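K.L.:
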Amino acid sequence: MKETLPLKLKKQLGLGLLALRLSIALVFIMWALDKVFVPEHAMKVFAGFYGLDISSGISVAMGLAQLVFIGIFVAGLWKNITYLAILVLHAGSTFSSFAKYLDPFNNLLFFAAWPMLAACFALYLLREHDTYTLSKTQKTPIKAYT
1452 MKETLPLKLK KQLGLGLLAL RLSIALVFIM WALDKVFVPE HAMKVFAGFY
1502 GLDISSGISV AMGLAQLVFI GIFVAGLWKN ITYLAILVLH AGSTFSSFAK
1552 YLDPFNNLLF FAAWPMLAAC FALYLLREHD TYTLSKTQKT PIKAYT
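Residue 1452 is where the sequence shown starts when you use the working numbering, and the numbers rise one by one after that.
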């Protein structure tokens, strides 16, 4: 038996998920722009947190590819793939910083990753209710919230 949500709740849930998607995208956009405009910083991050040596050219290419991907994510396209990818990417970033959590008071800003990880998880779990998208496979399009 399929449950249906009241229209008001559908609209509110849709707006809440849109807000999550846009705020998550903002963080990913800033990380991508960092790779493009300050590749030296991105190179240090990759070396320090992931043990990877990348060139500035690779950093820029990754940042540009990330911006394209984020555009697809912001549009709400291919939700099963893009929302899961966002969750996996952010989980990797969060867990790669594990040592920072062991010295919490000198690394307080790293703890902001946890509520964002929860937001990514919630967005993935509720993706079928994220209705304010450009997706053509929308099951139940809803009119603008009034």
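For each residue, glycine too, the CB sits at the ideal point set by N, CA and C. If you're wondering where the values come from, they're calculated on a predicted model, not measured in any experiment.
Let me check understanding here. Comparing Cα to Cα, which of Phe1546, Ser1586, Asp1581, Lys1587 lies closest to Leu1466?
P.N.:
Asp1581
K.L.:
Go through its chain and collect everything with a Cβ distance to Ala1564's Cβ below 7 Å, but skip five positions before and after it.
P.N.:
Ser1544, Thr1545, Ser1548
K.L.:
Tell me the rounded alpha-carbon separation between Asn1531 and Val1489.
P.N.:
31 Å
K.L.:
According to the Cβ coordinates, are Ile1475 and Ile1523 closer than 8 Å?
P.N.:
no
K.L.:
Determine the extent of the alpha helix (DSSP H) in which Ile1480 is found, giving its start and end residues.
P.N.:
1458-1488
K.L.:
Measuring CB atoms only, is the stretch 1554-1572 touching the stretch 1496-1506, in the sense that at least three cross pairs come out at less than 8 Å?
P.N.:
no
K.L.:
Which whole-angstrom value describes the C-beta separation of Ile1521 and Ala1483, a residue pair presumed to lie in contact below a C-beta threshold of 8 Å?
P.N.:
6 Å
K.L.:
Would you check if the distance between the CB atom of Leu1528 and the CB atom of Leu1464 is smaller than 8 Å?
P.N.:
no
K.L.:
Excluding the five sequence neighbours on either side, which residues of its own chain have a C-beta within less than 6 Å of the C-beta of Gly1479, listed in chain order?
P.N.:
A small fix is needed here, since residue 1479 is Phe in this sequence, not Gly. Ile1521.
K.L.:
Output the distance between the C-alpha atoms of Phe1572 and Leu1473, rounded to the nearest integer angstrom.
P.N.:
14 Å
K.L.:
CA-CA distance, Tyr1583 and Glu1454?
P.N.:
20 Å
K.L.:
Taking Cβ positions, are Leu1471 and Leu1568 nearer each other than 8 Å?
P.N.:
no
K.L.:
Give, in chain order, every unbroken run of the alpha helix (DSSP H) that is at least 4 residues long and sits entirely within the stretch 1501-1547.
P.N.:
1507-1526, 1530-1547
K.L.:
Need the endpoints of the alpha helix (DSSP H) that Tyr1583 sits in, please.
P.N.:
No alpha helix (DSSP H) holds Tyr1583; DSSP gives it neither H nor E.
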